[in-house]
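Order-wise, the sequence lines are chains A and B. Here our numbering is used: position 238 in the first sequence is 238, and no number is missing along the way. In our numbering, each residue carries its 1-based index in the second sequence increased by 301. Down below is the structure, laid out as structure tokens.
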Amino acid sequence: MAAHEILAATNAVVTLDVALPGIVWPWLVTVNMWAKSIGTGVIFMLFLLLRKHPEAAGSLRFPTTVVSIIFIHIFLLFTLADLHQPFKMWHIFFYPHLTSAITVGAWMATAFVGLLFLLAFLSFIKKDNAAFDKTLTWVVILAIPVTLYTAGLMSQCTARELWQMPTESAQMIFAALLSGSAAMILLGGSKLDYEAKKTLGVVLGLSAMMSFILYMSEYVFGPMKAEEVAAVLEYIKGDGPYTVMFWLGQWIAYLLPMLLIVLSRTSKSENILKLAAILALAGLWLVKHVWLIIPQLLPMS
Amino acid sequence: MQLGFLVDLHLCMGCKGCEIACKVENEVPLSTWRLRVKYVDVGSFPETRRTFTPLRCNHCENAPCEKICPVSALHYLENGIVNIDKERCIGCAGCVMACPYGAIYIDPQTQTADKCTYCAHRIASSMMPACVVACPVQANIFGDLDDPTSNISKYIQHNQGNVQVRKPEKGTNPHHYYVGGGNVTLNPLASHRVDGHQLFNKITTLPVGGHH
Ligand code: SF4
Ligand code: SF4
């Protein structure tokens, strides 16, 4: 707990209270965020590759769409699993409350899934690349708010001071770029040439760097603005319960991949790039989980 | 009409009568609470004091729980009460995450969100909330904030300068006031919570009612 002069002055101790609620949004929500990052991230990367390396990326239209469909469904499945009343999910469509990021997100994610199936149809059944690429532009545009809405949802949690919209939305986009580029490096296999993979490596490295800078900025400067943020960040400082997981996440998701990408460029090694991609994907889960859990440890009343 | 609550902390003696009355009236399941009285001990021996703070939903004017609810299960009544429709609720727990006062819980029996409704069902029959009736020292004052002649409005006027709300910085504009409150009673970060050192129990946290 952060040092409050108040405590020293008054020596105030809670001596009788009800038990506080435990974790409200558990690891299921972490999987939700992680899978959605991959689901939209690969779409961003396909769009980028089709512009920068059209020859190499041409054959990835259908496989990328399938990967996106799989991960968006993992995201939807875990969203549903997290509900205490999953069979009432349909209420979101019949009694929508449009001030809620959950409602807006659910509607957008549904439209996104529809468009992904259209992409699959265009690439696999109709084999119409021109129509695919035209539709892809709209899918990419929709993928941006689908990526961002979880940041909006976190920011609507007035109780959790740590989650602010500007930082969380940047983190969501960087997470999508990081996991999307990592997934494409692994998915590309022999279809993508080294130049295309190098481009993906640059995206991975830069998004890792930006995310790391944001987390470190919050870590160092967050406590200077708000008492609650200071108290929450104590859980990842010193011998706090999430200190080890936080730093493991930062190293595995960001620092090691950055180093490995530099190394892969100097040694022209695809295997090192693949290792960076695997670490980034695994580390992202840890990073997201810590950031999800720590504000929930703070007593609200 | 804008119904509101005021608790005079000078009067509250921590008997928990309101807490029990609420439990019984609303059949609040074990391990969950709509209203509770928190004890915080202040000072060092022999200069010590025990404070008592009843805590319930604030029926915020700008309620984050209402805003985040995807299906409008949480909604405003015309009298200003923030009410909940348990049939509508999908149990996303967004409201539990949004409320800065920890006022909402997931009912382990119905698997839906629930909270203090200022006893909306009693108000509809022109009765006072159960906690108001149970309080032996009339520390709970309930009434219409829009009516300058109501008890609560008069109490606020009389105690101007010593009326507080919880976490005003959150911009929720609570319709629940305290007289004689302070940092120790109203700010949860201003006191230590020591694991296993409560008066009558050793449980600091409980799993959220439900399937997680
Ligand atoms: S105190 Fe919490 S539950 Fe009550 S109206 Fe305000 S935000 Fe909603
Ligand atoms: S748990 Fe129920 S009341 Fe709370 S935000 Fe979700 S749907 Fe609304």
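All residues carry an ideal CB built from backbone N, CA and C; glycine is no exception. Keep in mind the model is a prediction, meaning the values are calculated, not measured.
Considering Cα atoms alone, identify which of the options is closest to residue i.
| i | options | result |
| --- | --- | --- |
| T137(A) | F47(A), G238(A), L279(A) and T15(A) | F47(A) |
| A175(A) | I102(A), A277(A), Y194(A) and F94(A) | A277(A) |
| W247(A) | Q296(A), L284(A), E168(A) and T135(A) | L284(A) |
| D17(A) | G510(B), P508(B), I504(B) and V509(B) | I504(B) |
| T147(A) | A12(A), M33(A) and L49(A) | M33(A) |
| D445(B) | E470(B), Y478(B) and V466(B) | Y478(B) |
| L281(A) | T30(A), V14(A), N11(A) and W25(A) | T30(A) |
| C366(B) | A12(A), V140(A), M154(A) and A57(A) | M154(A) |
| D193(A) | E270(A), P26(A) and I23(A) | E270(A) |
| G152(A) | D239(A), M172(A) and V42(A) | M172(A) |
| L49(A) | I141(A), T243(A) and G188(A) | G188(A) |
| H289(A) | V14(A), T10(A), I23(A) and M165(A) | I23(A) |
| G344(B) | Y456(B), N474(B) and S492(B) | S492(B) |
According to the neighbour-count rule (16 or more other Cβ atoms, all chains shown, within 10 Å of its Cβ), is residue i buried or exposed?
| i | result |
| --- | --- |
| C319(B) | buried |
| A3(A) | A caution first: A3(A) carries a pLDDT of 43, below 50, which makes its placement in the model too unreliable to give a value. |
| S190(A) | exposed |
| E5(A) | Low per-residue confidence applies at E5(A): pLDDT is 49, beneath 50, and the placement is therefore not dependable enough to give any value. |
| A182(A) | buried |
| F93(A) | exposed |
| W291(A) | buried |
| L76(A) | buried |
| A35(A) | buried |
| K302(A) | Only positions 1 to 301 of chain A appear in this structure, which leaves residue 302(A) out of reach. |
| E168(A) | buried |
| S123(A) | buried |
| L500(B) | exposed |
| S427(B) | exposed |
| G482(B) | buried |
| A431(B) | buried |
| W90(A) | exposed |
Below 9 Å on C-beta distance, what does residue i contact in chain A?
| i | result |
| --- | --- |
| P423(B) | Residue 423(B) is actually Arg in this sequence, not Pro. Going along chain A, no residue has its Cβ under 9 Å from R423(B), so there is no contact; the nearest lies around 23 Å. |
Thinking C-beta only, is residue j closer than 8 Å to residue i?
| i | j | result |
| --- | --- | --- |
| N441(B) | V338(B) | no |
| G392(B) | Q412(B) | yes |
| A253(A) | L286(A) | yes |
| S179(A) | I38(A) | yes |
| I294(A) | I213(A) | no |
| A322(B) | A435(B) | yes |
| P355(B) | M300(A) | no |
| Y419(B) | L304(B) | yes |
| F112(A) | I72(A) | yes |
| L310(B) | V480(B) | yes |
| C370(B) | G395(B) | yes |
| E388(B) | M302(B) | no |
Per DSSP, which one or two residues make a beta bridge with residue i?
| i | result |
| --- | --- |
| F353(B) | Y340(B) |
| P409(B) | Looking at the DSSP assignment, P409(B) forms no beta bridge with any residue, so it has no partner. |
| L142(A) | None; L142(A) has no bridge partner. |
| Y479(B) | V308(B) and Q465(B) |
| F443(B) | F306(B) |
| T506(B) | L20(A) |
| D386(B) | Answer by DSSP bridge pairing: none, since D386(B) is not bridged. |
| L375(B) | I385(B) |
| A414(B) | I407(B) |
| S345(B) | E348(B) |
| V14(A) | V341(B) |
| M84(A) | Inspection of the sequence shows that residue 84(A) is occupied by His rather than by Met. None; H84(A) has no bridge partner. |
| H493(B) | V13(A) |
Could you name the residues of chain B that residue i contacts, counting a contact when the two beta carbons are closer than 7 Å?
| i | result |
| --- | --- |
| L83(A) | I391, G392 and C393 |
| W25(A) | A394 and M398 |
| Q171(A) | Neighbours of Q171(A) on chain B: none; closest Cβ ~18 Å, over 7 Å. |
| T99(A) | K368 |
| V18(A) | W334 and R337 |
List, in chain order, every chain B residue whose beta-carbon is nearer than 9 Å to that of residue i.
| i | result |
| --- | --- |
| L136(A) | Here the premise fails: no neighbours, minimum Cβ distance about 29 Å. |
| E218(A) | Chain B residues near E218(A): none, gap ~18 Å exceeds 9 Å. |
| G22(A) | T506, L507, P508, V509 and H513 |
Quick one: which chain B residues come within Cβ less than 8 Å of residue i?
| i | result |
| --- | --- |
| S301(A) | K339, L356, Y402, G403, A404, R467 and P489 |
| M89(A) | I391 |
| E227(A) | L490 |
Give me the chain A residues within the contact set of residue i, using Cβ-Cβ distance strictly less than 7 Å, ordered along the chain.
| i | result |
| --- | --- |
| K471(B) | T158 |
| S345(B) | N11 |
| T418(B) | Neighbours of T418(B) on chain A: none; closest Cβ ~18 Å, over 7 Å. |
| I407(B) | H84 |
Going along chain A, which residues have a C-beta under 8 Å from residue i?
| i | result |
| --- | --- |
| L312(B) | Ordered by position in chain A, no residue passes the 8 Å Cβ test against L312(B), which lies about 19 Å from the chain. |
| Q412(B) | H84 and Q85 |
| V383(B) | Residues of chain A passing the Cβ test: none, with the nearest at roughly 14 Å. |
| P365(B) | Q156, C157, T158 and A159 |
| S454(B) | In chain order: nothing, as chain A lies at least about 26 Å away. |
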